[in-house]
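Everything on this sheet refers to the single structure shown next.
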Amino acid sequence: MNNFNDKVNFIWSIAEILRGPYKKEDYGKVVLPMAVLRRFDCVLEETKEDVLSRYEQYKHLPEESRDEILNRTSKQKFNNVSKYDFQKLLSDSDNIADNLRDYINGFSQTARDIIDYFNFDTQIEKMDRNDLLYLVVKRFSEIDLHPETVSNIEMGYIFEELIRRFNEHAEAGDHYTPREVIRLMCHLLFLNDDEVFTTEGITKTLYDPCAGTGGMGSVASEYIREHNPSASLKFFGQEFNEESYAICKADVLIKGEEAKNLAFGNTLSQDQFSNQKFDYLLTNPPFGVEWKPVKKAVTDEYENQGYNGRFGAGLPRINDGQLLFLQHLVSKMKPVSEENPNGSRIAIVFNGSPLFTGDAGSGESNIRKYLIEHDLVEGIVALPDQMFYNTGISTYIWILTNNKPANRKGKIQLVDGTKFYKKMKKSLGQKRHELDEADINKITQLYGEFSENEYSKIFDNEDFGYRKVTIERPLRLNFKVDEDRIHRLNDEKAFQNLVKSKKKGEAGIKEVEEGEKLQQEIVRVLHGLASDELYKNREEFEKILNNAFKYANIKLNATLKKAVLSALSEKDETADICTDKKGNPEPDPDLRDTENIPLKENIHDYFEREVKPHVPNAWMGEESIKIGYEIPFTRHFYQYTKLRSSEEISNEIRELEESIMDKLKKVMG
């Protein structure tokens with residue numbers, strides 16, 4: 003890459019011209035479409051006159067037919083039939099706005115669509131009104147973006163660096179995945195894929211549902227060509243940020259690839275490739291971004307289609323849609339068959355949340371359960387922190403496949419790559435660390451060797467599963483009828499509801515009056531039972547209570563009776579155990595606890611060993627058992643550091659005090 007920073011800085015300097023009429027955060031509305039137009043202009047420059055000549059011959063044809071002919075002349079997937087280019091636009095400063103519009107309208111339909119997504123006509127009008135348009139066009143005409151000078155890969159870097167600068171405060175994970183991270187993902191995605199590296203003229207498909215500016219596709223295609231120049235990797239992608247989509251489509255168009263393979267829209271609610279499957283799937287979804295705007299569409303698909311849709315395994319909490327994107331990718335995997343014996347592979351970047359967020363039975367846990375029990379998760383690689391431009395948090399690359407090698411079946415590999423990085427000489431946003439080729443190769447080697455060491459751990463799928471078991475302890479209550487406990491009855495909802503009515507008019511008034519009367523009668527009966535006696539057996543006390551109300555000819559329904567008992571009771575460890583009608587102990591909700599028992603453990607053995615010795619009267623609520631999955635990545639690589647002794651710390655403090663005193667003496671003379 004030649005003079006990459008010079009080109010970026012030059013374009014950034016053009017943005018500074020806009021200061022005043024434009025706020026800094028709006029510079030991109032001008033600079034990005036102008037950079038695309040200038041790139042188009044340079045790409046078409048060599049064949050411009052030939053295209054204009056051919057246009058005169060075939061302008062009577064329908065646009066679609068005409069474009070096929072003109073594209074062959076331009077040697078691109080697009081053309082421009084306007085008499086203007088960037089140099090000719092400068093010859094008529096008085097009509098620069100109209101002429102620029104004429105130039106844009108001269109592009110073939112696909113290229114025009116790209117500019118339309120920038121909503122650029124509004125900016126043309128605004129710049130012209132503020133006498134900025136001519137100056138901006140002039141400055142852009144001074145930068146050489148010809149393909150011989152700036153390769154497609156370098157142009158992609160330029161676009162993404164500009165986007166990064168224009169969106170420094172964007173959501174973490176949005177817009178821009180560092181190229182070295184994508185390159186590592188490619189190493190892991192294509193690991194041991196002999197077919198794509200050795201087969202002459204092979205064609206494979208790659209899909210990114212969060213395509214951004216197309217960086218994933220560009221790096222993956224470059225990686226494949228390095229190993230097999232005759233191979234073709236067809237890129238498919240979807241993006242819902244209009245600027246990113248326009249730049250990605252422009253990049254695809256300039257490369258001579260199929261622009262129709264790139265779709266616009268929100269992947270979660272508008273899957274534009276609903277009937278397609280792909281060989282490789284590569285993406286970096288937004289981290290921790292809520293999916294509330296697409297909640298209805300996603301929930302409807304989950305409820306109505308189940309596993310026939312994309313989200314059958316479950317829905318994560320509304321404030322983080324990362325696992326929705328992963329389920330979407332899984333739905334795009336090619337089934338293993340005779341025609342496709344290799345199945346599909348996925349590489350996706352996540353933050354830490356998908357590893358462990360969500361208890362057993364939650365959407366996140368159920369999604370992990372589905373992925374792991376279907377043996378789709380091959381491995382997870384932890385990246386160094388401070389790798390991304392908009393966030394310094396820890397990130398992880400997940401590798402999934404529906405065709406694991408024999409030695410990996412039923413296994414998941416965790417690789418700690420957090421130690422392999424170089425500090426950048428100058429940080430970019432929050433990105434202070436980077437991977438060089440040696441770091442990438444080392445992490446790939448650790449993953450590829452599939453052996454256990456300091457940085458690599460191998461587990462059975464079941465190692466990440468557990469049963470969440472409810473541990474119950476018996477309810478023990480004492481009962482007493484005194485003024486304080488009778489007064490508590492006023493706080494019981496069932497007692498309060500006696501003086502409430504949903505009926506209107508006379509019927510409602512009558513119902514309330516009857517309720518007040520019943521309240522008074524209940525309190526009267528209880529006052530008649532008042533004493534200092536403390537009952538420690540609920541069954542015994544209930545008999546006394548039942549007899550009192552029977553004698554007073556008052557019938558209490560089950561809800562009211564429960565409210566009376568609740569008001570008159572208190573927890574008491576010395577009281578008898580409360581039992582149900584079958585004589586079984588009733589659980590105390592306040593003493594209820596849970597245990598997460600590893601799947602490989604017998605729950606009864608675990609209970610006898612870990613629970614019974616501490617709470618002998620406890621039992622398991624086996625009917626409530628839920629199976630959960632989590633991947634406590636950090637725990638498996640934790641290394642204990644012995645604490646310093648108090649003597650060592652005291653000596654160090656003493657030395658520091660002496661040093662400070664010596665310096666003070668010198669200062670004070």
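This note's numbering puts the first residue of the sequence shown at 3, with every later residue one more than the last. Even glycine gets a Cβ: it sits at the ideal position worked out from N, Cα and C.
Nearest to P180 by alpha-carbon distance, out of E66, G216, T200, K26, is G216.
Setting aside the 5 residues that flank it on each side, D377 is surrounded in the same chain by K406, K411, G412, N463, each with a C-beta closer than 8 Å to its C-beta; the list follows chain order. Along the length of the stretch 412-483, whole beta strand (DSSP E) runs at least 3 residues long occupy 413-418, 424-430, 433-436, 458-462, 467-474, 479-481, reported in chain order. Judged by their CB atoms, I579 and R469 are not nearer to each other than the 8 Å cut-off. The three-state secondary structure of Y209, taken from DSSP, is strand. Considering only P64, T269, Q522, N549, the residue with the shortest C-alpha distance to V300 is T269. Closest in alpha carbon position to P288, among N263, I350, K667, is I350. Taking the C-beta atoms as reference points, T207 is found no nearer than 8 Å to K251. Note that the C-beta distance between N409 and V338 is not below 8 Å. Residues T49, D52, V53, R56, N81 of the same chain have their beta carbon placed closer than 8 Å to that of T75, with the five preceding and five following residues left out of the count. Around the beta carbon of R656, fewer than 16 other beta carbons lie within 10 angstroms, which makes this residue exposed. About 10 Å separates the beta carbons of L500 and Q522, which is beyond the 8 Å limit, so they are not a contact pair. Contact check between the stretch 440-447 and the stretch 555-562: fewer than three CB pairs, one atom from each, fall below 8 Å, which does not count as touching. Taken through DSSP and simplified to helix, strand or coil, L134 comes out as coil. A distance below 8 Å separates the beta carbons of H189 and T446.
For M36, no beta strand (DSSP E) run applies; the uninterrupted alpha helix (DSSP H) run containing it begins and ends at 30-46, by DSSP.
Counting along the chain, Q498 sits inside the alpha helix (DSSP H) bounded by residues 495-498. Between F352 and the set V332, I399, L331, G394, the nearest pair of CA atoms involves I399. Between the stretch 299-315 and the stretch 226-241, the count of C-beta pairs closer than 8 Å stays below three; the two stretches do not touch. With respect to the 8 Å criterion, V471 and M622 are classified as neighbours on the basis of their beta carbons. In this structure, the CA atom of L658 is about 12 Å from the CA atom of E650. Taking 8 Å as the cut-off, the Cβ atoms of P295 and G365 do not count as close.
In the three-state scheme derived from DSSP, where H, G and I count as helix and E and B as strand, T359 is classed as coil.
The distance from the Cβ of S355 to that of Q324 is about 7 Å, consistent with a contact at the 8 Å cut-off. Excluding residues up to 5 positions away in sequence, P476, L477, I579, C580, T581, D582 lie with their Cβ nearer than 8 Å to the Cβ of E588 in the same chain. For the pair N555 and G530, the Cα-to-Cα distance works out to about 14 Å. Proximity to M36 across I16, D595, K26 peaks at I16, based on C-alpha coordinates.
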